[in-house]
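First the structure, in the form of C-alpha cells, and then the observations on it.
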Amino acid sequence: MSNVANVPSGKLEKLVFVAYLLHFFSAFNGLLSPALIVTAFLTGWPSIIALIICYVWRDEAAGTYLDSHFTWLIRTFWFALLCLVVGFILVFTIIGAVIGIPMLLILGLWVLYRLLRGVLRLNARLGMLF
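Below is the structure:
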C-alpha cells in the first residue's frame, strides 16, 4: 500500500507557512504598538485571514502532517481569544487586575511560543504533537 495520499502538495505547505506568517505579523505588530501581543494577534486582519485559510484548507490536508498544523493554529487562536476575554474581565475587577494583567502578558508569550514551535516543526516537515 502506498503512502502517496499522506504526502501533502507544495501548495498546502505554502498555505500553512503563509498562515503562520500572517499570525506572526499580527503578533509582532502587538510588540510594536501600545496593544498587547495577544490583542493584536486576535484582532489583526492578518490573523483573521490566517484563521480563514486554516478552516478552508484543513480538509484538503487531512491525513497529512499539515492537518495537525492547521488544527494547531485554529486551537491557538480560539484558546487565546477565550483567555483574552477572561483576562480582560479580570483586569476590570479590583482583585482580578493582579491576576488579569500578568495573565494577558503570559498569554502573549504563549502565543509567540506556539507560533515559533509550529514554524520550526513545519520547516522540519513534522506534524504538531498535542
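Residue numbering for the sequence shown follows our numbering, beginning at 2 and increasing consecutively. Note that CB positions come from ideal geometry on N, CA and C, so glycine has one too.
Exercise. Confirm, please, whether the CB-CB distance from I100 to L91 is below 8 Å.
Key: Walking along the sequence shown from the start, residue 91 turns up at place 90. Walking along the sequence shown from the start, residue 100 turns up at place 99. Yes.
Quiz item: In whole angstroms, what is the alpha-carbon distance linking L83 and G64?
Solution: Along the sequence shown, read from residue 1 onward, the residue named residue 83 stands at position 82. Along the sequence shown, read from residue 1 onward, the residue named residue 64 stands at position 63. Roughly 28 Å between the two C-alpha positions.
Exercise. With a threshold of 16 other CB atoms inside 10 Å of the CB of F25, please say whether the residue is buried or exposed.
Key: Walking along the sequence shown from the start, residue 25 turns up at place 24. F25 comes out buried.
Exercise. With DSSP collapsed to three states, give me the class of F93.
Key: For the purposes of this step, residue 93 is identified with residue 92 of the sequence shown, where counting begins at 1. Coil.
Quiz item: Once you ignore the five residues that flank A62 on each side, which residues in its own chain have a CB closer than 7 Å to its CB?
Solution: Your numbering for residue 62 matches position 61 in the sequence shown. If you ignore the 5 residues before and after A62, its C-beta comes within less than 7 Å of the C-beta of P9, L13, D68, F71, all in its own chain and listed in chain order.
Quiz item: Does the separation of the CB atoms of V19 and I54 fall below 8 Å?
Solution: Locating residue 19 in the sequence shown gives position 18, counting from the first residue. Locating residue 54 in the sequence shown gives position 53, counting from the first residue. By the CB criterion at 8 Å, V19 and I54 fall inside the cutoff.
Practice problem: Inspect the beta-carbon positions of L105 and V17 and report whether they are closer than 8 Å. | Solution: One-based indexing of the sequence shown puts residue 105 at position 104. One-based indexing of the sequence shown puts residue 17 at position 16. Taking 8 Å as the Cβ cut-off, L105 and V17 do not qualify as a contacting pair.
Self-check item: Backbone secondary structure at F25 - three-state DSSP
Solution: The residue labelled residue 25 in the question sits at position 24 within the sequence shown. Helix.
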